[in-house]
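J.: I'd like to ask some things about the structure below.
Residue numbers (this note's numbering): 370 to 664.
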C-alpha cells in the first residue's frame, strides 16, 4: 500500500496542472464519500460532509459558508458525475494546455467555476420559479469549470478535430454547440441549477478567449494572486535575494524576440482555427508546444 501511495504522490508532484486538477477531484470524491460511510458505523445517520462544501443558492447560507464558492467545483457525490467530468477535463484540457498553457488552464477552471456559481446564485434569487426550493438548493461538481474549458478552446480553435468513440471525427465547435444547446433545453428539468451553472462557465470561456484575442488576459491578475498566496507558504527565512543585472540592449532584444514568438503563435492558432490541428507541420507543432510551456 505504501508503494502505491508513493507512486501517487510522485505522479502528483511531477505532473502538470491538468494532472493535479484531476487528482484533486478524485481525492475529494474519495474523501467525502469515505468519511460519511465510516461515521455511519458510529453515528446514525452518517456525517453529511457534502453539506459543508456544496454551494448553497441562498445568500444567507453563502455568507455563512463563503468557501463553498470554491469547494463546490471540486465536489462530487456520484461516481458517474465525477467520471464524466474528469474524462472531458482530461481530453479537452490536454488540447487547452497545448494551445494556451498550464497557467491559463488553472485560471480558466477556477474562474469558470466561479462564473457558474455567480449565475447559479443570481438565477435562484431572481427568478420566482425557484422561490420554494431556494432555502434547500445546493450545487456541486466541476461541470461549470469543465464547460468553461470546453467553450474556451472551441472558441479559440473551432475547427480543431477530435475523434469520438462511435461517432468519429468532430470539430470542437460542434461539440461546444451540442453542450450549450443541451443545457438550455434542460433548464426546465429537475437539475436546472446545474445547467445554469454550466452556462455560466460557458459564458466565461467564450468571453475569456474573445478578450484574449483583443489583448486582454483576464487570468493574469488571478494567477498572480495565486502565486503570491502560494509564496506565503514556501517562503524561507534568511533566503538570499539574487540580483540580476541586465543592460538595456539585452532587454530590448529579448522583448523583440518575445514579440516575434507571439506573432508566430498567433499565426499558428489562426491556422488551427481555419484548418484544424492536423494541418500543422512538425515545426509549427513544436513551436506551439514550446510556447505553451512558457505560458
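Beta carbons: idealized from backbone N, C-alpha and C, even for Gly.
List the whole-angstrom C-beta distance separating residue 559 from residue 517, where the pair is believed to meet the contact cut-off of C-beta under 8 Å.
T.: Your numbering for residue 559 matches position 190 in the chain shown. Your numbering for residue 517 matches position 148 in the chain shown. Actually they do not touch by this definition, with Cβ atoms about 23 Å apart.
J.: How should residue 548 be labelled, buried or exposed, when 16 other C-beta atoms within 10 angstroms of its C-beta is the threshold for buried?
T.: If you number the chain shown from 1, residue 548 lands on position 179. Flag for residue 548 reads buried.
J.: Whole angstroms is fine: what's the gap from residue 525's alpha carbon to residue 406's?
T.: Start at 1 with the first residue of the chain shown, and residue 525 comes out as number 156. Start at 1 with the first residue of the chain shown, and residue 406 comes out as number 37. Going from the Cα of residue 525 to the Cα of residue 406 covers about 44 Å.
J.: Do residue 461 and residue 554 have their beta-carbon atoms positioned less than 8 Å apart in this structure?
T.: Against the chain shown, residue 554 aligns to sequence position 185. Against the chain shown, residue 461 aligns to sequence position 92. Residue 461 sits away from residue 554, with the two beta carbons spaced by 8 Å or more.
J.: May I have a chain-ordered list of the alpha helix (DSSP H) segments no shorter than 4 residues that lie completely inside the segment 426–496?
T.: 428–433, 437–440, 448–469, 471–495
J.: Can you name the residues that DSSP bridges to residue 507?
T.: Indexing the chain shown from 1 puts residue 507 at position 138. Note: residue 507 sits in a beta bridge opposite 425.
J.: If distances are taken between C-alpha atoms only, which option among 419, 402, 456, 385 comes closest to residue 534?
T.: Start at 1 with the first residue of the chain shown, and residue 534 comes out as number 165. Looking at the Cα atoms, 456 is the closest of the given residues.
J.: Within the same chain, show all residues whose beta-carbon is closer than 6 Å to that of residue 607, passing over the 5 residues directly before and after it, in chain order.
T.: For this step, residue 607 is matched to residue 238 along the chain shown. Its pLDDT being 45, under 50, residue 607 is placed unreliably in this model, and the value from its coordinates should be taken loosely. Correct list: empty, nothing qualifies.
J.: Hey, how far is the Cα of residue 395 from the Cα of residue 418?
T.: Residue numbering aside, residue 395 sits at position 26 when the chain shown is read from its first letter. Residue numbering aside, residue 418 sits at position 49 when the chain shown is read from its first letter. If you take the alpha carbons of residue 395 and residue 418, they lie about 16 Å apart.
J.: Using a 10 Å radius around the Cβ and a threshold of 16 neighbouring Cβ atoms, would you call residue 473 buried or exposed?
T.: Stepping through the chain shown from its first residue, residue 473 is reached at position 104. It is buried - the Cβ of residue 473 has at least 16 other Cβ atoms within 10 Å.
J.: Tell me which residue opens and which closes the alpha helix (DSSP H) that residue 552 is part of.
T.: Counting from 1 along the chain shown, the entry for residue 552 is found at position 183. Taken as a continuous stretch (DSSP letters only), the alpha helix (DSSP H) holding residue 552 covers 541–554.
J.: DSSP three-state call for residue 586: helix, strand or coil?
T.: Position 217 of the chain shown, counting from 1, holds the residue named residue 586. DSSP places residue 586 in coil when its eight states are reduced to three.
J.: Does the segment 390–404 come close enough to the segment 435–449 to have 3 or more Cβ pairs within less than 8 Å?
T.: yes
J.: Drop a sphere of 10 angstroms on the beta-carbon of residue 494, count the other beta-carbons inside from all chains shown, and report buried for 16 or more, exposed for fewer.
T.: Along the chain shown, one-based indexing puts residue 494 at 125. Classification of residue 494: exposed, given that the 10 Å Cβ count is below 16.
J.: How about residue 482 and residue 570: are their beta carbons less than 8 Å apart?
T.: Stepping through the chain shown from its first residue, residue 482 is reached at position 113. Stepping through the chain shown from its first residue, residue 570 is reached at position 201. Yes, Cβ-Cβ distance for residue 482 and residue 570 is below 8 Å.
J.: Indicate the three-state DSSP secondary structure (helix, strand or coil) for residue 390 in the structure shown.
T.: The residue labelled residue 390 in the question sits at position 21 within the chain shown. Correct three-state label for residue 390: helix.
J.: Quick test of your reading: residue 556 and residue 486, contact by CB under 8 Å. State the CB separation rounded to the nearest angstrom.
T.: Position 187 of the chain shown, counting from 1, holds the residue named residue 556. Position 117 of the chain shown, counting from 1, holds the residue named residue 486. Not confirmed; about 17 Å, so no contact.
J.: Beta-carbon within less than 6 Å of residue 577's beta-carbon, same chain only, minus the 5 sequence neighbours each way: which residues are those?
T.: As a working note, residue 577 is residue 208 in the chain shown. The residues are 521, 587.
J.: Which of the three DSSP states is assigned to residue 513 in this structure?
T.: As a first step, residue 513 must be located in the chain shown, where it is residue number 144. Looking at residue 513 - three-state DSSP - the assignment turns out to be helix.
J.: If we ignore side chains and look at the alpha-carbon of each, how far apart do residue 528 and residue 465 end up?
T.: Looking up residue 528 in the chain shown gives position 159. Looking up residue 465 in the chain shown gives position 96. Residue 528 and residue 465: Cα-Cα distance of roughly 14 Å.
J.: For residue 422, tell me which candidate among 429, 428, 434 has the shortest Cα-Cα distance.
T.: Position 53 of the chain shown, counted from the start, is the residue given in the question as residue 422. It is 434.
J.: When DSSP labels each residue in this structure, what does residue 395 get in the three-state scheme?
T.: Looking up residue 395 in the chain shown gives position 26. The answer is helix: DSSP assigns residue 395 an H, G or I state.
J.: Please report the straight-line C-alpha distance between residue 376 and residue 385, rounded to a whole angstrom.
T.: Residue mapping note: residue 376 aligns to position 7 of the chain shown, counting from 1. Residue mapping note: residue 385 aligns to position 16 of the chain shown, counting from 1. Rounded to whole angstroms, residue 376 to residue 385 spans 15 Å at the Cα level.
J.: Mind checking whether residue 654 and residue 648 have CB atoms under 8 Å apart?
T.: Position 285 of the chain shown holds residue 654. Position 279 of the chain shown holds residue 648. Against a cut-off of 8 Å, the Cβ pair of residue 648 and residue 654 comes out as no contact.
J.: Could you tell me which residues DSSP pairs with residue 530 in its beta bridges?
T.: Taking the chain shown and counting its residues from 1, the one referred to as residue 530 is at position 161. Partner(s): 540.
J.: Give the straight-line distance between the Cα atoms of residue 546 and residue 499, rounded to the nearest whole angstrom.
T.: In the chain shown, the residue the question calls residue 546 occupies position 177. In the chain shown, the residue the question calls residue 499 occupies position 130. If you take the alpha carbons of residue 546 and residue 499, they lie about 27 Å apart.
J.: Between residue 567 and residue 512, which are expected to be in contact by the criterion C-beta below 8 Å, what is the C-beta distance as a whole number of angstroms?
T.: Taking the chain shown and counting its residues from 1, the one referred to as residue 567 is at position 198. Taking the chain shown and counting its residues from 1, the one referred to as residue 512 is at position 143. Residue 567 to residue 512, Cβ: 5 Å. Contact.
J.: Once the 5 residues before and after residue 564 are set aside, which same chain residues still bring their CB inside 7 Å of it?
T.: Indexing the chain shown from 1 puts residue 564 at position 195. Excluding sequence neighbours, residue 564 sits near 552, 555, 556.
J.: Give the secondary structure of residue 601 by DSSP, where H, G and I count as helix, E and B as strand, and everything else as coil.
T.: Mapped onto the chain shown, residue 601 falls at position 232. The predicted model places residue 601 with a pLDDT of 46, which falls under 50 and marks its position as unreliable; any figure quoted below should be read in that light. Residue 601 falls in the helix class under three-state DSSP.
J.: Between residue 509 and residue 446, how many whole angstroms is the CB-CB distance? I'm expecting something under 8 Å.
T.: By one-based count along the chain shown, residue 509 stands at place 140. By one-based count along the chain shown, residue 446 stands at place 77. The pair is a contact, with the Cβ atoms about 7 Å apart (cut-off 8 Å).
J.: Can you give me the Cβ contacts of residue 458 inside the same chain, cut-off strictly under 6 Å, excluding the 5 residues immediately before and after it?
T.: Here residue 458 refers to the residue found at position 89 when the chain shown is read from its first residue. Cβ contact annotation for residue 458 (same chain, cutoff 6 Å, sequence separation greater than five): 515, in chain order.
J.: By Cβ distance below 7 Å, which residues in the same chain neighbour residue 541 in space, the five residues on each side in sequence not counted?
T.: Position 172 of the chain shown, counted from the start, is the residue given in the question as residue 541. Once the five neighbours on either side are set aside, the close Cβ partners of residue 541 are 522, 523, 526, 527, 529, 531.
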